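**Student:**
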Amino acid sequence: MVLGSEQLPTGLLVLIAVITVERGFELVVARRHARWASANGGVEYGRRHYPVMVVLHAGLLVGILAEVAAADRRFVPAIGWAALAVTALCQAARWWCVRSLGPRWNTRVIVVPGMPLETRGPYRRLRHPNYVIVVTEGIALPLVHNAWLTALLFTAANAALLTVRLRVENKALQLAA
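Each number in my numbering corresponds to the 1-based position in the sequence shown with 836 added.
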């Protein structure tokens, strides 16, 4: 199977490229925030599951492209446009989380001891809004181009990963309080 641009719709390639660039920017912000946390006594938890998370999230993007190419998935306007709107809302909501947490936001679990839990922005209503966003996006993004199998597989794998991640994060927040 060759994933050449002749097999994949340009719009899908652009979407995956935009999401990839956005994720790269997230990593830049996360590294900057990790330096801030370290300078303020931050402690990292759950290092072992982080590489799995990186592979899973990269696999989502590759899986979409592979499924669309291999299974000749077609854009279904009624589903695709709605899924694209949800995906765009997820990006906005993710950056709302980043802005609300400020330098405490990270892709890793790094907690600065003694800092109170955030109660602004989406954290007023949810303890872990970013994970709601990840779950939603993991379904919506593949469905933009009808990659339903990728949505299903990512969702199942992500559920297992989030079980570990939430356990680690909740314990870390409890220890740091």
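The beta carbon of each residue, even a glycine, is placed where N, CA and C say it ideally should be.
Bear in mind that the values here come from a model prediction, so they are computed numbers and not experimental data.
If you count every other CB in all the chains shown that lies within 10 Å of the CB of ARG1001, and 16 or more means buried, which is it?
**Tutor:** Translated into positions along the sequence shown, residue 1001 becomes position 165. Its Cβ being crowded by 16 or more others within 10 Å, ARG1001 is buried.
**Student:** I need the straight-line Cα distance from VAL945 to GLY847, nearest angstrom please.
**Tutor:** For the purposes of this step, residue 945 is taken as the residue at position 109 of the sequence shown. For the purposes of this step, residue 847 is taken as the residue at position 11 of the sequence shown. Distance between the alpha carbons of VAL945 and GLY847 is about 34 Å.
**Student:** Assuming ILE969 contacts LEU897 (C-beta within less than 8 Å), just tell me the rounded distance between them.
**Tutor:** Against the sequence shown, residue 969 aligns to sequence position 133. Against the sequence shown, residue 897 aligns to sequence position 61. That pair is no contact at about 16 Å.
**Student:** What residue range is occupied by the uninterrupted beta strand (DSSP E) comprising VAL881?
**Tutor:** Sequence index remark: in the sequence shown, residue 881 carries index 45 (1-based). Reading the sequence as shown, one finds Tyr at residue 881 and not Val. It spans 879-881 - the beta strand (DSSP E) in which TYR881 sits, taken as one unbroken run.
**Student:** Per DSSP, which residues does VAL1004 bridge with? Please list them.
**Tutor:** Here the question's residue 1004 lines up with position 168 in the sequence shown. Bridge partners of VAL1004: none, in fact.
**Student:** Can you tell me the Cβ-Cβ gap for ALA983 and ARG909, rounded? I've got them flagged as a contact below 8 Å.
**Tutor:** As a first step, residue 983 is located in the sequence shown; it is residue number 147 there, counting from the start. As a first step, residue 909 is located in the sequence shown; it is residue number 73 there, counting from the start. Confirmed, Cβ separation roughly 6 Å.
**Student:** Contact defined as beta carbons within less than 8 Å: I believe VAL879 pairs with PRO949. What is the distance between those atoms, to the nearest angstrom?
**Tutor:** Here the question's residue 879 lines up with position 43 in the sequence shown. Here the question's residue 949 lines up with position 113 in the sequence shown. Their Cβ separation, rounded to whole angstroms, is 7 Å, which keeps VAL879 and PRO949 in contact under 8 Å.
**Student:** Would DSSP call LEU1011 helix, strand or coil?
**Tutor:** Position 175 of the sequence shown holds residue 1011. If DSSP states are grouped into helix, strand and coil, LEU1011 belongs with the helices.
**Student:** Could you check the C-alpha separation between THR991 and PRO939 for me, to the nearest Å?
**Tutor:** By 1-based counting over the sequence shown, the position of residue 991 is 155. By 1-based counting over the sequence shown, the position of residue 939 is 103. Each residue's alpha carbon lies about 28 Å from the other.
**Student:** How close, in whole Å, do the beta carbons of ALA976 and THR943 come, if the pair is a contact with beta carbons under 8 Å?
**Tutor:** In the sequence shown, residue 976 corresponds to position 140, counting from 1. In the sequence shown, residue 943 corresponds to position 107, counting from 1. Not confirmed; about 20 Å, so no contact.
**Student:** On the CB-based measure, 16 or more other CB atoms within 10 Å of its CB, does VAL838 come out buried or exposed?
**Tutor:** Sequence index remark: in the sequence shown, residue 838 carries index 2 (1-based). Model confidence at VAL838 stands at a pLDDT of 46, short of 50, so the residue's coordinates are unreliable; what they give is reported in the following sentence. Its Cβ having fewer than 16 others within 10 Å, VAL838 is exposed.
**Student:** Rounding to the nearest angstrom, what Cα-Cα distance links SER841 and ARG868 in this structure?
**Tutor:** Counted from its first residue, the sequence shown places residue 841 at position 5. Counted from its first residue, the sequence shown places residue 868 at position 32. Because SER841 carries a pLDDT of 48, less than 50, the predicted location of this residue cannot be relied on, and the following value inherits that uncertainty. Those two C-alpha atoms are separated by around 35 Å.
**Student:** Nearest by alpha-carbon distance to HIS964: which of CYS933, ALA993 and GLU973 is it?
**Tutor:** Reading the sequence shown from its first residue, position 128 is the one you call residue 964. HIS964 has its Cα closest to that of CYS933, out of CYS933, ALA993 and GLU973.
**Student:** Compare the beta carbon distance of GLU903 and THR972 with 7 Å and say whether it is the shorter of the two.
**Tutor:** Counting from one through the sequence shown, the residue named residue 903 turns up at place 67. Counting from one through the sequence shown, the residue named residue 972 turns up at place 136. Not in contact: GLU903 and THR972 (Cβ atoms no closer than 7 Å).
**Student:** Run through the DSSP bridge pairs and tell me what ILE969 is partnered with.
**Tutor:** The residue labelled residue 969 in the question sits at position 133 within the sequence shown. According to DSSP, ILE969 bridges with nothing at all.
**Student:** State the CB to CB distance for the pair LEU997 and VAL890, rounded to an integer number of angstroms; the pair is presumed to be in contact (CB under 8 Å).
**Tutor:** To locate residue 997, count along the sequence shown from 1; it is residue 161. To locate residue 890, count along the sequence shown from 1; it is residue 54. Rounded, the Cβ-Cβ distance is 11 Å, inconsistent with contact.
**Student:** Any idea which residues DSSP pairs VAL947 with across the strands?
**Tutor:** Along the sequence shown, one-based indexing puts residue 947 at 111. According to DSSP, VAL947 bridges with VAL879.
**Student:** Check for me: the alpha helix (DSSP H) holding THR923 runs from which residue to which?
**Tutor:** Your numbering for residue 923 matches position 87 in the sequence shown. From DSSP, the alpha helix (DSSP H) with THR923 extends over 913-937.
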